[in-house]
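2 protein chains.
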Amino acid sequence: MPEKQPAPSSHDMPQEPAQADRFCRARQARSATLLEDYAELIADLLASGGEARTVDVARRMGVAHATAVKTIARLKREGLATALPYRGVFLTAAGHALADRVRARHRLVVELLVAVGVPVEDAEADAEGIEHHVSDSTLAAFAGFLQGRK
Amino acid sequence: MPEKQPAPSSHDMPQEPAQADRFCRARQARSATLLEDYAELIADLLASGGEARTVDVARRMGVAHATAVKTIARLKREGLATALPYRGVFLTAAGHALADRVRARHRLVVELLVAVGVPVEDAEADAEGIEHHVSDSTLAAFAGFLQGRK
DNA sequence: GTCCGAATATAGCCTATGCTACACATCCTG
DNA sequence: CAGGATGTGTAGCATAGGCTATATTCGGAC
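From first to last, the protein sequence lines are chains A and B.
Numbered per this note's numbering, the first sequence spans residues 4 to 153.
Numbered per this note's numbering, the second sequence spans residues 4 to 153.
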């Protein structure tokens, strides 16, 4: 048995278990993404208009309303939201807490991007995807960096 | 008909179509993520070991080998890879091009994160998720920022 | 050359996330 | 207060991306 030779490594690669970990974490972040986005959006709608209608949520997410209904059902299942039939959607305490965390993260990511020279519009758009993959450590570094250049 | 009043806006919200666009783009990026990651990993394996075995791909992605087989089938379907049964996996020209783009993006993201103070380990981990959401505009800004502080 | 273990592939199942089409409620208008 | 527009919910379908369990094939040891 060739005893797993480390390969002719003409080119560095990360250690295998560390790499698998990274991908697993990225996958997990991806699956949390949707609920986070919905929670944030619903919180924004509640704050700005007083109510969150499924049709508004759907329009703003850019999906069919049936899709929004299903995702809201999942939010309810996970204890993040409540809704009575034909009334709007509301967030539980947990839902609000999640939305607050996500929003803070989003703002910081946008600020950081802008600080390094990304146009505001692009920063907003990219932040929508990036925010879900920013670890606490990275977030802290962002805050420190922004602080330092004020 | 109340003519869609802009809502008591106690709190700013993005324009609705722009926001939907952002979410759509984020969703699209998310669905491209997997293929990009696989292409990059396979390219790395080919470069460092000379061959990419499905078992290695699976181990490094942190998934069951059956999952890797399925995703590789999708790569083939999309014209990014080729594979003969029981031989390794190879990338087409398109696959290599994709891998190169992804790799360049990955490196730049890591560099940027490190430059603003993120520990290398965390930068590597977060970049795995972030890289798929960085637009060309943002990428260019990153490059400019790094250039400027050299 | 045969046989066994490792690698590979297939099959079948599950959940998440989209969609369209259809059914039912609500509410505003006249 | 009747009726239609609009909002809401349900049903059924598709694909992506996980998994486990079960073949198959390959390749090296003997």
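Just so it is clear, CB atoms sit at the ideal spot from N, CA and C, and this is done for glycine as well.
Assignment of T141/A by DSSP, reduced to helix, strand and coil, places it in the helix class.
Just so you know, the alpha carbons of E81/A and M64/A end up roughly 20 angstroms apart. Sequence-distant Cβ neighbours of V92/A in its own chain, meaning closer than 6 angstroms and more than five residues away, are I45, A55, I75, A84, A86.
The continuous beta strand (DSSP E) containing V92/A extends over residues 92-94. Bridge partners of T85/A according to DSSP: F93/A. Per the coordinates, the alpha-carbon of P122/A lies some 43 angstroms from the alpha-carbon of A69/B. Assignment of A61/B by DSSP, reduced to helix, strand and coil, places it in the helix class. When 8 angstroms is used as the limit between beta carbons, T141/B is near these residues of chain A: L116, V121, D125, A126, D129, in chain order.
Annotated three-state conformation of A76/A is helix, per DSSP. Under the Cβ criterion of 7 angstroms, R63/B is counted among the residues facing chain A.
Straight across, the Cα-Cα distance linking S140/A with G52/B is about 33 angstroms.
Counting C-beta atoms within 10 angstroms of its own C-beta, R108/A has 16 or more neighbours from the protein chains shown and is therefore classed as buried. Linking L149/B to E134/B through their CA atoms gives a straight-line distance of about 16 angstroms. In the structure shown, A67/B adopts coil according to DSSP, grouped into three states. Chain B has a Cβ within less than 7 angstroms of the Cβ of R25/A.
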